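Residue numbers (the numbering used here): 3 to 331. The structure under discussion appears below in the form of structure tokens.
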């Protein structure tokens with residue numbers, strides 16, 4: 003016979019009621035409350051039936067009813083413990099109950115997966131709108147603050163029009179997809195370049211918007227770099243960074259302007275370093291090398307360098323002679 007007694011069973015129910023009473027109303031739906039109360043009524047009916055069976059000495063029937071009540075009560079207590087321990091509360095329970103096919107050995111894994119899904123949905127769908135928080139992978143990127151600004155402007159400012167929870171979840175993951183169009187190093191480089199541009203604009207109160215930014219201010223920023231830089235690569239990097247940020251935000255791009263392109267091309271012509279061709283190795287240079295390194299004080303390293311230079315010079319000398327040969331016809 004089972005060791006479950008009616009008094010103990012009723013005592014087990016009381017903590018469960020208290021636990022539910024402590025949960026805010028908005029976390030438990032009417033359907034959850036109805037299910038909870040139905041479970042209590044079923045348990046009380048089973049207890050009454052068990053008492054009646056005990057009175058008529060039908061012990062096996064009484065034990066069966068009490069064991070059924072114990073099973074229902076343990077399941078409810080388990081769900082309450084999941085809700086109490088989870089950040090998402092009863093949303094985790096909903097996710098858990100939606101996938102009860104797994105075996106007992108997979109139960110703990112299933113609970114963790116349910117909590118992960120519930121927390122993610124809770125963050126994305128909080129108060130019926132998409133939060134401005136970036137996905138986790140972008141939050142850990144360098145210059146995440148400037149990425150946050152980009153992904154709250156232009157195309158991304160339409161998030162309030164997305165109503166369905168599944169669509170909001172897709173919108174939450176979309177920034178990761180579009181940034182993956184470039185290599186991680188490129189994203190870091192461009193976000194850093196645009197961050198420097200944003201910091202420069204903060205010095206001038208008249209520049210009130212950088213996404214989209216007016217062509218004149220982008221041109222003035224490039225001119226400022228031209229006057230202070232000593233190489234074209236700095237201007238080129240700034241240009242592509244500003245263009246990348248505007249394209250990512252889905253706003254009008256000032257870098258598509260012919261004027262901005264002309265400024266960049268001018269910087270390319272004026273700041274690019276001319277190509278300096280190497281002077282050819284002459285016999286006089288080889289003689290000087292031998293005079294310097296072919297001495298009684300030369301080390302093995304010196305002799306090795308001299309040997310390499312001699313072999314290379316000999317090979318190229320022979321090749322040049324073959325190239326200049328003209329066939330006798």
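For glycine and all other residues, C-beta sits at the position ideal for the given N, C-alpha and C. Predicted model, so just to flag it, every value in this text is computed and none were measured.
If I measure Cβ to Cβ from residue i and keep anything under 6 Å in the same chain, skipping five residues before and after, which residues do I get?
i           : result
residue 189 : 181
residue 55  : 63 and 64
residue 155 : 213 and 251
residue 131 : The pLDDT assigned to residue 131 is 43, lower than 50, so where the model puts this residue is not dependable, and the model offers no usable value.
residue 323 : none
residue 246 : 192
residue 265 : 221 and 224
residue 320 : none
residue 312 : none
Mapping DSSP to helix, strand and coil, what is residue i?
i           : result
residue 297 : coil
residue 163 : helix
residue 314 : helix
residue 183 : coil
residue 156 : helix
residue 257 : helix
residue 80  : helix
residue 58  : coil
residue 210 : coil
residue 281 : coil
residue 324 : helix
residue 145 : coil
residue 268 : helix
residue 50  : helix
residue 12  : Note that residue 12 has pLDDT 44, beneath the 50 cutoff, so the model's placement of it is unreliable and the number below is only indicative. Here residue 12 sits in helix by DSSP.
residue 66  : helix
residue 71  : helix
residue 105 : Confidence in residue 105 is poor, its pLDDT being 47 and thus under 50, which makes the residue's placement too unreliable to answer from.
residue 263 : helix
Identify the continuous alpha helix (DSSP H) that holds residue i and give its terminal residues.
i           : result
residue 199 : 186-203
residue 248 : 234-251
residue 226 : 217-230
Using a Cβ-Cβ cut-off of 8 Å (strictly less than) and excluding sequence neighbours within five positions of residue i, which residues of its own chain qualify?
i           : result
residue 240 : 195, 198, 199, 223, 224 and 227
residue 294 : none
residue 158 : 152, 177, 251 and 252
residue 314 : none
residue 47  : none
residue 210 : none
residue 203 : 209, 212, 215, 219 and 223
residue 288 : 311, 312 and 315
Please check the pair residue i and residue j, which I expect to be a contact at CB under 8 Å, by giving their CB distance rounded to whole angstroms.
i           : j           : result
residue 251 : residue 152 : 5 Å
residue 205 : residue 256 : Contact flag wrong, Cβ pair sits at about 19 Å.
residue 291 : residue 308 : 6 Å
residue 234 : residue 270 : 5 Å
residue 51  : residue 75  : Residue 51 to residue 75, Cβ: 15 Å. No contact.
residue 172 : residue 231 : No, residue 172 and residue 231 are not in contact; Cβ-Cβ is about 42 Å, not under 8 Å.
CB-CB under 7 Å to residue i, same chain, minus the five flanking residues each way: which ones, in chain order?
i           : result
residue 242 : 192
residue 249 : 255
residue 244 : 196, 199, 220 and 257
residue 71  : 11, 45, 48 and 49
residue 259 : 217
residue 236 : 227
residue 261 : 217 and 221
residue 296 : 308
residue 148 : 193, 196, 197 and 200
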